[in-house]
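First up is the structure itself, then whatever we jot down about it.
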Amino acid sequence: MRLLHARHRQSLFALYHQPEAKPDRCTVNEALAGNLCRCTGYRPIVEATMEVCFEALDDKFSREADRITEILSGLNDGEEIFIGNETSFFDAPASIDALADLYARYPDATLVAGATDVGLWITKQLRELPRIIWLGRVAGLNRVESIEGGLIIGATASLARVQPDISRLDPDLAAMWSRIGSRQVRASGTVGGNIANGSPIGDTPPMLIALGATLELRKGEEARTLPLEDFFVDYGRQDRGQAEFVTELFVPEPGENDVFRAYKISKRFYQDISAVMAAFLFTVENGRIVNARVAFGGMASTPKRARRAEAALGGAVLSESGTLARALKAIERDYAPISDMCASSEYRAKVARSLLAKALVEAAGMPSERTRVEGQREVMLENLV
Ligand SMILES: Cc1cc2nc3c(=O)[nH]c(=O)nc-3n(C[C@H](O)[C@H](O)[C@H](O)COP(=O)(O)OP(=O)(O)OC[C@H]3O[C@@H](n4cnc5c(N)ncnc54)[C@H](O)[C@@H]3O)c2cc1C
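Residue 1 is where the sequence shown starts when you use this note's numbering, and the numbers rise one by one after that.
Written out as structure tokens, the structure is:
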């Protein structure tokens, strides 16, 4: 173990201290996902981990666990924390009302949730953030609740906290969610941050837009709700006024006649930003698509619906060969992707067509063992039950 890189060691340390059953090979692989190793190779690392994690937990951290837990619980007193002065501060409000009030007074402050993006502004861009409002202490802002017809996700719910509930909605959501960053990133990064950062390549927006999610924003005492796709106006510009913040999201559960599909294309399978992210929701009645929602990331300056493809698919019969041809033609006019370090514009355009074709043939009934190398839906469905 001494030979491992620090990042490997941290991942495996966390796994060793997980209060769950001893890990199998799959769990160890998942814990290591995103760590790159060029020296020893993964097999010996995975095998050494399984051996170590099957021993009784006994180190100075496990012996001190109760004492440390007690000290940390003492910090959870529901009080606001303020450090600094008017010009430069860290403030952690404890309620939504206190947050709204504070942000109205300091609309230039930087909101920080999990800091997986904001942290890099400091460590990589060396930016100075004089006023910081941390959202992690706001009571209720991290709620995740299944209600009639869908799921409510509070803005500060971490990607990890949302994972079990969102995964129950569809196997593709389960598969895609497990490819967002790594365990560590999902433990800290929030759904609200993934939306509010306005990234054109964030992984959750295309899926949530295809599902028909709505977003709630609050400013002072006023709250408003809008379809998630309307939040993304242009590159770096969202429909969010001064002192306005994201409070929560409502994600409708796919209905009985809905076919949901999502695919992520990235250079590496785990912990890599998307070149293209695609999500589809087809409502199918008697073999006919009565409604189509298609959303892509990485194809425009924002996560964006493919309105022309959607129109071409409305009323189309899945088994007719013309359906695919018309949809593929339409999607060419939906996007004008750019070339960057992740992919060329030609590649992106081609991949978008391929993913649309894949979603349509799967929706028409082709088993995913014929369309996918990894993450077959039939296997995932069995595991979900
Ligand atoms: C190693 C690594 C891997 C990553 N992999 C992926 C990946 O695979 N897929 C992916 O999509 N992303 C990935 N990310 C990006 C990032 O982790 C996610 O976008 C994450 O969801 C951001 O959430 P956060 O809570 O950390 O946001 P923060 O960094 O806290 O904030 C991000 C932005 O949102 C604003 N903000 C946060 N909450 C609110 C709110 N409630 N209201 C208004 N504004 C708010 C902040 O002011 C800031 O502008 C990765 C990042 C890292 C470092």
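Glycine residues also receive a C-beta, built at the ideal position from the N, C-alpha and C atoms.
Report task. Note down, in chain order, each residue of its chain lying with its Cβ closer than 8 Å to the Cβ of residue 216, except the 5 sequence neighbours on either side. Result -> Same-chain partners within the cutoff: 223, 224, 225, 246, 247, 248, 249, 250.
Query raised in the report: For residue 206 versus residue 295, is the C-beta distance shorter than 7 Å?
Result: A contact, by the Cβ cut-off of 7 Å.
Query raised in the report: residue 156 and residue 135: beta carbons closer than 7 Å?
Result: Yes, the Cβ-Cβ distance between residue 156 and residue 135 is below 7 Å.
Requested in this report: Note the first and the last residue of the continuous beta strand (DSSP E) segment covering residue 248.
Outcome: Taken as a continuous stretch (DSSP letters only), the beta strand (DSSP E) holding residue 248 covers 245-252.
Report task. Determine which residues share a DSSP beta bridge with residue 87 and list them. Result -> Paired residues: none, contrary to the question.
Report task. Just mark residue 53 as buried or exposed, buried being the case when its beta carbon has 16 or more other beta carbons within 10 Å. Result -> Under the 10 Å beta carbon count, residue 53 is surrounded by 16 or more other beta carbons and is classified as buried.
Requested in this report: Taking only heavy atoms of ligand 2 into account, decide whether any of them is closer than 6 Å to the Cβ of residue 298.
Outcome: Inclusion of ligand 2 in the displayed structure is not the case, the ligand content consisting of ligand 1 alone.
Query raised in the report: Under three-state DSSP, which class holds residue 143?
Result: Of the three classes helix, strand and coil, the one that applies to residue 143 here is coil, per DSSP.
Requested in this report: Within the same chain, show all residues whose beta-carbon is closer than 6 Å to that of residue 116, passing over the 5 residues directly before and after it, in chain order.
Outcome: Closer than 6 Å at the Cβ level, and outside the excluded window around residue 116, lie 185, 188, 189.
Query - Identity of the residues DSSP links to residue 111 by a beta bridge - result: Residue 111 pairs with 133.
**Report entry** Distance cut 5 Å, beta-carbon to ligand 1 heavy atom: residue list by chain order
**Finding:** Listed along the chain, these residues meet the criterion: 111, 112, 113, 114, 115, 116, 117, 118, 155, 180, 181, 185, 189, 190, 192, 193, 194, 196, 197, 202, 203, 245, 246.
**Report entry** Range of the contiguous alpha helix (DSSP H) that encloses residue 76
**Finding:** Per DSSP, residue 76 is not a residue of any alpha helix (DSSP H), being assigned neither H nor E.
Report task. Return the CA-CA distance between residue 8 and residue 180, expressed in angstroms with no decimal places. Result -> So the two alpha carbons sit approximately 18 Å from each other.
**Report entry** Touching by the beta-carbon criterion (3+ pairs, under 8 Å), the region 54-63 and the region 90-104
**Finding:** These segments do not touch.
**Report entry** residue 341 classed as buried or exposed, judged by whether at least 16 other C-beta atoms fall within 10 angstroms
**Finding:** Residue environment: residue 341 is assigned as exposed (fewer than 16 neighbouring CB atoms within 10 Å of its CB, all protein chains considered).
Requested in this report: Work out the CA separation of residue 144 and residue 28 for me, nearest whole Å.
Outcome: Cα to Cα, residue 28 sits roughly 27 Å from residue 144.
Query raised in the report: Where do the ends of the alpha helix (DSSP H) carrying residue 123 lie?
Result: Unbroken alpha helix (DSSP H) run through residue 123: 118-123.
Requested in this report: Could you check which residue in 227, 293, 319, 256 has the C-alpha nearest to that of residue 310?
Outcome: In terms of Cα proximity to residue 310, the closest of 227, 293, 319, 256 is 293.
Query raised in the report: Which residue comes first and which comes last in the alpha helix (DSSP H) that contains residue 369?
Result: 368-371 is the span of the alpha helix (DSSP H), which, as asked, contains residue 369.
Query raised in the report: What whole-angstrom Cβ distance do residue 261 and residue 175 have, given they're in contact under 8 Å?
Result: With a Cβ gap of about 10 Å, residue 261 and residue 175 do not count as contacting.
Query - Member of 118, 142, 125 whose CA lies at the smallest distance from the CA of residue 131 - result: Looking at the Cα atoms, 118 is the closest of the given residues.
Requested in this report: From the DSSP output, in three-state form, read off residue 171 for me.
Outcome: It is helical.
Query raised in the report: DSSP three-state call for residue 18: helix, strand or coil?
Result: It is coil, neither helix nor strand.
Query raised in the report: Between which two residues does the alpha helix (DSSP H) containing residue 96 stretch?
Result: Looking at the DSSP string, the run of the alpha helix (DSSP H) that includes residue 96 is 96-105.
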